[in-house]
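Last residue of the sequence shown: number 770 in the numbering used here, and the count goes up by one each step with no gaps.
Virtual Cβ for every residue (Gly too), placed ideally from N, Cα, C.
If you're wondering where the values come from, they're calculated on a predicted model, not measured in any experiment.
This report refers to the structure that appears directly beneath it.
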Amino acid sequence: MEERLKKIKLLILDVDGVLTDGRIIFDSNGVESKFFNVKDGHGIKMLQRSGIEVGIISGRESQVVYNRAVELGIGQVYQKSLDKLVPYRQMLEATGLTDEQVAFMGDDVIDIPLLKRVGFAAAPADAVQEVLPFAQFVARNRGGWGAVRELCDLILKAQGTWESVTSRYYV
């Protein structure tokens, strides 16, 4: 697992059930809300500071996702992607990376083709059972409750950048 993690230059994330707990909330005016975990966001920022790019591929489309991506400085955001391999190929082309340099966290059957393709496949603890055989790492936490942070920390530690990225907090 550590050898695979050392090669990662891009982390791609699903949204519903990975960056969020999977709930989609609509108020009486039809305004959509999602709940994001601040620890996941901080993990993403630390990855970015270490030089690893982060992208999003989601099957749904939501303004809330765009807003969160902007807040986190995630430039590559693909939504309404029912075939996630299409934007994945575009991301590889844009970055010049290979499959083995990419990690992906997904939680449902729509994510399986991408989980099978990337160099490092991960899932939150509450991913559907069909996803688990394709994941090299299953987080202890559920989607939206720190699963992404676990993966970010794992990558940083495997690549030996954890201490340099977190040293500012121990001063």
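6 Å CB neighbourhood of residue i in its chain, flanking five on each side removed
i: T760; result: S649
i: A738; result: P723, A724, A746, E749
i: V708; result: E729
Cβ-based neighbour list, residue i, same chain, cut-off 7 Å, excluding 5 preceding and 5 following
i: W744; result: D620, N636
Where residue i sits in the DSSP three-state scheme
i: S632; result: strand
i: A668; result: helix
i: Q689; result: helix
i: Q675; result: strand
i: I651; result: coil
i: V708; result: helix
i: I643; result: helix
i: I656; result: strand
i: I624; result: strand
i: V737; result: strand
i: K683; result: coil
i: Q728; result: coil
i: T694; result: helix
i: W761; result: helix
i: Y769; result: coil
Identified DSSP bridge partners for residue i
i: A702; result: L610, F719
i: T619; result: F635
Proximity of residue i and residue j at Cβ, strictly below 8 Å
i: V653; j: L610; result: yes
i: L612; j: M704; result: yes
i: G718; j: A693; result: no
i: V664; j: S657; result: yes
i: K633; j: L671; result: no
i: R601; j: A757; result: The amino acid occupying residue 601 in the given sequence is Glu; Arg does not appear at that position. Contact flag set, yes.
Neighbour-count burial assignment, residue i, 16 or more Cβ in a 10 Å radius
i: K715; result: exposed
i: D706; result: buried
i: P732; result: exposed
i: L713; result: buried
i: D682; result: exposed
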